[in-house]
Amino acid sequence: MEKSHVQVNKGIEVTPAMGLVRYFYLDQHKSCIRWRPSRKNEKAKISIDSIREVCEGKQSEIFQRYSEGSFDPNCCFSLYYGERLESLDLVSSTGEEARTWITGLKYLTFTEADKNGDGSLSISEVLQLLHKLNVNLPRQKVKQMFKEADTDDNQGTLGFEEFCSFYKMMSTRHDLYLLMLTYSNHMDHLDTSNLARFLELDQKVQ
């Protein structure tokens, strides 16, 4: 973990999926990711508290659009940020660098949410984080995922590794929840006609 944090502080040379090589680094206040070169230095930043998800591999729309490219999936990762869920799609020189940055960015999200600085997250801190990230999962679902991720002896709080497990569950279920709302006319369940429409339009089942 310490290595990941140090590497994020030092910076990394990566290639945006459709751009030139740039140097990405954490600013001195550890509140923003910045990059250079850039024509607009003040706008060349993403605040840590606006990052909603960090995904490894070629999962984003941009990567999927150029799936025939020569990028190694192990070197690819994407940051989703802001209210409009924009993505920054990056390719590092090695898979180890990508994993280091993914872990480091998740750790920064974790420490940002750890309001009392005790090295773990309570359910209230997790709920505050999700509210800040505009992740609108039902409260009961969040509590259920929290309980599933809370596997060590310190019951009622999530350490960093547990937070990573929760983060993965949350990202997957949030996507599925939004998909369900799309096909269920914003109800919390799918009836047979909704399910048929989902299978036909999304899964291409005839």
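Number 99 in this note's numbering belongs to position 92 of the sequence shown; there are no gaps in the numbering.
For each residue, glycine too, the CB sits at the ideal point set by N, CA and C.
Stretch pair the stretch 87–104 + the stretch 58–66: three plus CB contacts closer than 8 Å: yes
Buried versus exposed call for glycine 163 [16 or more other C-beta atoms within 10 Å across all chains shown]: exposed
Per-residue DSSP class, three states only, for glutamate 90: coil
For phenylalanine 167, the nearest candidate out of Pro80, Leu112, His138 (CA to CA): Leu112
Proximity test, valine 98 beta-carbon vs the ligand ZN heavy atom, cut-off 6 Å: Among the components of this structure there are no ligands whatsoever, and the ligand ZN is therefore not found.
Alpha-carbon spacing of serine 99 relative to cysteine 171, whole angstroms: Their backbone Cα atoms lie some 21 Å apart in a straight line.
N- and C-terminal bounds of the alpha helix (DSSP H) containing lysine 52: From DSSP, lysine 52 is part of no alpha helix (DSSP H) but of the beta strand (DSSP E) over 52–54.
Helix, strand or coil at leucine 97 [DSSP, three-state]: strand
Minimum C-alpha distance to aspartate 2 - residue among Lys37, Asp34, Arg72, Leu136: Because the chain here runs from 8 to 213, residue 2 falls outside it and cannot be looked at.
For isoleucine 40, the residue or residues it bridges with in DSSP: Leu33, Ile53, per the DSSP bridge assignment.
Coil, strand or helix - serine 172 by DSSP: helix
Beta strand (DSSP E) segment containing valine 61, residue limits: Where valine 61 is concerned, the enclosing beta strand (DSSP E) stretches over 58–63.
Buried versus exposed, by CB contacts within 10 Å (16 or more), lysine 65: The residue is buried, with at least 16 neighbouring Cβ atoms inside 10 Å.
Which of helix, strand or coil DSSP assigns to phenylalanine 70: helix
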